[in-house]
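Data block below; observations after.
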Amino acid sequence: MENVYDVLMERGYIEQCTHEEEVKEMLAKEPVTFYIGFDPTADSLHIGHFIQIMVMAHMQRCGHRPIAVIGGGTTMIGDPSGRSDMRQVMTQERIANNAEKFKKIFERFLSFEDGKALMVNNADWILNLNYIDFMRDIGTHFSVNRMLAADCYKTRMEKGLTFLEFNYMLLQAYDFYMLHQKYGCKMEFGGNDQWSNIIAGVELIRKKTGDDAYGMTFSLLTTSEGIKMGKTAKGALWLDPEKTSPYEFYQYWRNVADADVEKCLALLTFLPMDEVRRLGALEGEKINQAKEVLAYEVTREIHGEEEAQKAQDAARKAFSGNQAEADIPTVELAAEKVGDTIEILALLSDAGITATRSEARRLVTQNGIAVKGQKVTDIKTAYTPKDFEDGDFIVKKGKKVYKRIVLV
RNA sequence: GGGGAGAUGCCCGAGUGGCUAAAGGGGGCGGACUGUAAAUCCGUUGACUAAGUCUACGAUGGUUCGAAUCCAUCUCUCCCCA
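Numbering-wise, our numbering comes out as the position in the first sequence, counting from 1, plus 33.
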């Protein structure tokens, strides 16, 4: 069987590794149990988590056993790594609720049959810890001096770090230790921002048991300019279709920068590397083919074949000028709002296409609005219910945003 | 516990009585150019009517014809000392 280490390396996942040679050897000769933790701080996973899921999937395909750990316990603390502010304290109910949603996504990518993968919640062993016991048992193995020097606290050394958050590292290390004891877990993976926490776990296991444990981190998805990817105007790029529609999701990937196409194909799809390299090498206008493949593939992974197809068709139609048939988002507008006639400004704001009338006015004056394929340049332009009758009342905002307005 | 500094629009940050809806930058949005790319250029970026009005500079009161700017109290943040 192919060594998953080479696969991960070739596709560009690996950022840091504790014991490169040993890890490579181990992964080649035996099935390895490893874990990745996910803190349910939001009610949906985002694209950053997706990379981790991909890694688990690659690992499982090569015969290793993933443990997806839901951080129901650690979320009670909040990981301060790389953050400039303290996380909001969350209630147990919300955490449990979010954890439920995570499960569904994992099941799409991992096979949990016959214990080929596990999902556990660290709330099971963290929530009932006894403070004194824990401190004597685990706390003794940590040096505050070293912790303070850790890179992940850097930003917090300027802004302030509470003792609550300072404990996070111990708990994550303890997770790894527990998984090692219970399931023989030998490796912990995570985003590169988790490096400090992962090392802490590796060292804890070595100190307490003398056993070998390893850690590896993966690149955070960044653009060629080094900016974190997956940010949209509305916040993160969510995997939940309720929060980010498949169409928006598709469009995000359709619009990535040329320079990022190959990297994204390697990290976010299962396409063979030969194909990835071929697509990434396309030049000029042709790179758009690669972007279509990328957008389609990623959307298919997350939302399924059907949704991906729909998004692709909609996008193609919308951008080829043949908008009438495109499956573009519909917004409803109450008929009484329209009355006998409605002016463009009221239309845009009432339909939620713009947040305010001022914004609508701005857009119209700046030539940013088209209705039924016609630029609207006069803010006095008005419409009557008749204009909506054929169901093709399509508003184009800027170059890329299309909305179909339907009276209700 | 003692002392000091600070809180301005989405973010950073200037502004220390009227010329301030608030410089500058970033980001966002629109336009041009294009390949639904990048870079670049232009415009725009509190709200409502279209020429004013209203709401805004941590919160609440006060001084003044007039306050982001002065005073008081409060809240929060950071720094130094213990």
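All residues carry an ideal CB built from backbone N, CA and C; glycine is no exception. Remember, predicted model here, so these are calculated numbers, not experimental data.
Note down the Cα distance separating G401 from K215, rounded to an integer number of angstroms.
60 Å
Considering only their Cβ atoms, is the gap separating G111 from P73 smaller than 8 Å?
no
Cα-Cα separation, T387 to T398:
14 Å
Limits of the alpha helix (DSSP H) - the one that Q399 falls within:
Per DSSP, Q399 belongs to no alpha helix (DSSP H) and is neither H nor E.
Would you tell me roughly how many angstroms separate the C-alpha atoms of W271 and T277, rounded to the nearest one?
5 Å
What residue from E63, L162, P418 and L381 has the CA that sits closest to K436's CA?
L381
Quick one: which unbroken beta strand (DSSP E) runs of 3-plus residues sit fully inside the stretch 323-397? Chain order, please.
363-366
Pairwise C-alpha distance: A415 and K261:
43 Å
Cα-Cα, which of L254, K408, L366 and E54 is closest to M87?
L254
Quick check on D79: does DSSP put it in helix, strand or coil?
As written in the sequence, residue 79 is His, which differs from the Asp given in the question. Three-state DSSP puts H79 in a strand.
Reduced DSSP secondary structure (H/G/I, E/B, other) of A246:
coil
Buried or exposed (CB count within 10 angstroms, at least 16 for buried), A384:
buried
Starting from E221, follow the beta strand (DSSP E) in both directions and report where the run begins and ends.
M220 to G224
Per DSSP, which one or two residues make a beta bridge with L440?
L366
Grab me the residues of N200's own chain with a C-beta within less than 8 Å of its C-beta, minus the 5 sequence neighbours each way, in chain order.
I110
Secondary structure of P418, DSSP reduced to three states:
helix
Please list, in chain order, all residues of the same chain as L440 whose beta carbon is under 7 Å from its beta carbon, the five residues on each side excluded.
L366, A368, V371, P418 and F421
Between the Cα of A328 and the Cα atoms of S176, K350, C297 and D423, which residue gives the shortest distance?
C297
Over what stretch of residues does the beta strand (DSSP E) that includes A101 continue unbroken?
R98 to I103
The alpha helix (DSSP H) enclosing K62, as first and last residue numbers
E53 to K62
Give the straight-line distance between the Cα atoms of G45 and E295, rounded to the nearest whole angstrom.
10 Å
Flag this pair as touching only if the stretch 341-351 and the stretch 280-291 have three or more C-beta atom pairs under 8 Å; answer yes or no.
yes
Skipping 5 residues on each side, what residues in its chain have a beta carbon closer than 6 Å to that of R390?
L378 and S382
Rounded to whole angstroms, what's the CA-CA distance from N154 to K219? Just pull it up for me.
18 Å
Can you tell me where the beta strand (DSSP E) with E126 in it begins and where it stops?
No beta strand (DSSP E) contains E126, which is instead part of the alpha helix (DSSP H) from Q125 to F142.
If you draw a straight line from the C-alpha of M211 to the C-alpha of E316, how long is it?
50 Å
Where does G45 sit, in a helix, a strand or coil, going by DSSP?
coil
Sub-8 Å separation of M202 and S176 beta-carbons:
no
Measuring only the C-alpha atoms, how far is F83 from L301?
8 Å
For V235, the residue or residues it bridges with in DSSP:
DSSP output for V235 lists no bridge partner at all.
Answer with buried or exposed for P362, where buried requires no fewer than 16 other C-beta atoms within 10 angstroms of its C-beta.
exposed
With respect to the beta strand (DSSP E) encompassing S429, which residues constitute its N-terminal and C-terminal limits?
The residue you asked about is not Ser; residue 429 is Lys in the sequence shown. Its beta strand (DSSP E) spans residues I427 to K430.
Hey, how far is the Cα of E35 from the Cα of T107?
35 Å
Among K405, V102, M59 and I69, the one whose alpha carbon lies nearest that of D423:
K405
List the whole-angstrom C-beta distance separating L204 from I159, where the pair is believed to meet the contact cut-off of C-beta under 8 Å.
6 Å
Going by DSSP, what residue range makes up the beta strand (DSSP E) through M211?
First-last for M211: Y201 to Y216, but that is the alpha helix (DSSP H), not the beta strand (DSSP E).
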